[in-house]
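S.K.: Okay, here's the structure, questions in a sec.
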DNA sequence: CATAGGATCGCCT
DNA sequence: GGCGATCCTATGT
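Rendered as structure tokens:
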């Protein structure tokens, strides 16, 4: 019901934001249709010192520029030529932190999400991964990068669900083997025993 | 169930 | 020119 305020995203601790996002609801309203799901899995990308981050080493390019802006905006990029991956930019201006949303539990607009995914039946493969959840919500890197999450196309709201610390499972991030010593950092957060989390190990 | 390979394209060197 | 913060399908056990 209540959209998360800008201040939520200005938190200077991206690990904290990653945890706090669990249980919140990611919503899109595209072509007048509301689709949404509860965030059940996230990953933190900790700026210029994080070898897994696109902004590592203060790499500032056309693509990464949005991360160097103020928190509370979307960072959506194309992965493997096919999938759009949705991140929330966090922290103050000039500090390129971001949280990757890795999985959601469908709530609103399930019919529309099924249609976008080319599915007929509600199963976990509707939204249990960063590429497919974007597809379900209608998010793509061309139209939805750099959007202000205070506006009405993409936003995140709280619907009163509280996830306690002992329900949160921490592990290493997925698909970042190239990040050397940073590959093992426990910066992936999941709600324990939630079947809508991604299948990745 | 496990593993392997393909799809597909913008980004960065 | 090489490769990736992924997912799906096919094949074998």
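Numbering (the working numbering), first residue to last: 4 to 204.
Heads up, the beta-carbon is just placed ideally off N, CA and C, and yes, glycines get one too.
1) With distances taken between CB atoms, is the gap from residue 180 to residue 53 smaller than 7 Å?
2) Relative to the alpha-carbon of residue 187, which residue among 194, 149, 177 has its alpha-carbon at the smallest distance?
3) Name the residue from 175, 142, 167, 129 whose alpha carbon lies nearest to the alpha carbon of residue 46.
4) Exposed or buried, residue 85, counting other C-beta atoms within 10 Å across all chains shown (16 or more means buried)?
5) In whole angstroms, what separates the C-alpha of residue 139 from that of residue 166?
6) Do residue 31 and the ligand ADP come close, with the Cβ less than 6 Å from some heavy atom?
7) Taking only runs that begin and end inside the segment 98 to 162, name each unbroken beta strand (DSSP E) of 3 or more residues, in chain order.
8) For residue 36, tell me which candidate among 155, 62, 200 has the shortest Cα-Cα distance.
9) Quick check on the burial criterion: 16 or more other C-beta atoms within 10 angstroms. Buried or exposed for residue 27?
10) Quick check on this structure: which residue in 136, 141, 172, 5 has the alpha carbon closest to the alpha carbon of residue 190?
11) For a quick check, are the C-beta atoms of residue 159 and residue 7 less than 7 Å apart?
12) Sorted by chain position, which residues of the same chain lie with C-beta nearer than 6 Å to residue 78's C-beta, five sequence neighbours on each side aside?
13) Candidates 151, 12, 43, 22: which alpha carbon is nearest residue 127's?
14) Can you tell me which of the three DSSP states residue 39 falls into?
15) Taking Cβ positions, are residue 108 and residue 41 nearer each other than 7 Å?
16) Run through the segment 158 to 201 for me and flag every whole beta strand (DSSP E) of 3 or more residues, listed as ranges in chain order.
17) Jot down the residue ranges of each uninterrupted beta strand (DSSP E) in the segment 6 to 59, minimum 3 residues, whole runs only, in chain order.
18) Between 118, 150, 99, which has its C-alpha nearest residue 16's C-alpha?
19) Considering only the alpha carbon of each residue, which of 106, 105, 129 lies closest to residue 114?
M.R.: Concretely, from the data shown:
1) no
2) Nearest to residue 187 by C-alpha distance, out of 194, 149, 177, is 177.
3) The option with the nearest alpha carbon to residue 46 is 175.
4) exposed
5) If you draw a straight line from the Cα of residue 139 to the Cα of residue 166, it comes to about 24 Å.
6) Absence of the ligand ADP is noted for the structure shown, with no ligands found whatsoever.
7) 100 to 109, 157 to 161
8) 155
9) Residue burial is scored here from C-beta neighbours: residue 27 has at least 16 other C-beta atoms within 10 angstroms and is therefore classed as buried.
10) 172
11) Annotated as proximal: residue 159 and residue 7, with beta-carbon spacing under 7 Å.
12) Within the same chain, residue 78 has close Cβ partners 69, 70, 90, 92, 101.
13) 43
14) strand
15) Yes, the Cβ-Cβ distance between residue 108 and residue 41 is below 7 Å.
16) 171 to 174, 191 to 194
17) 28 to 33, 36 to 49
18) 99
19) The residue from 106, 105, 129 with its alpha-carbon nearest to that of residue 114 is 129.
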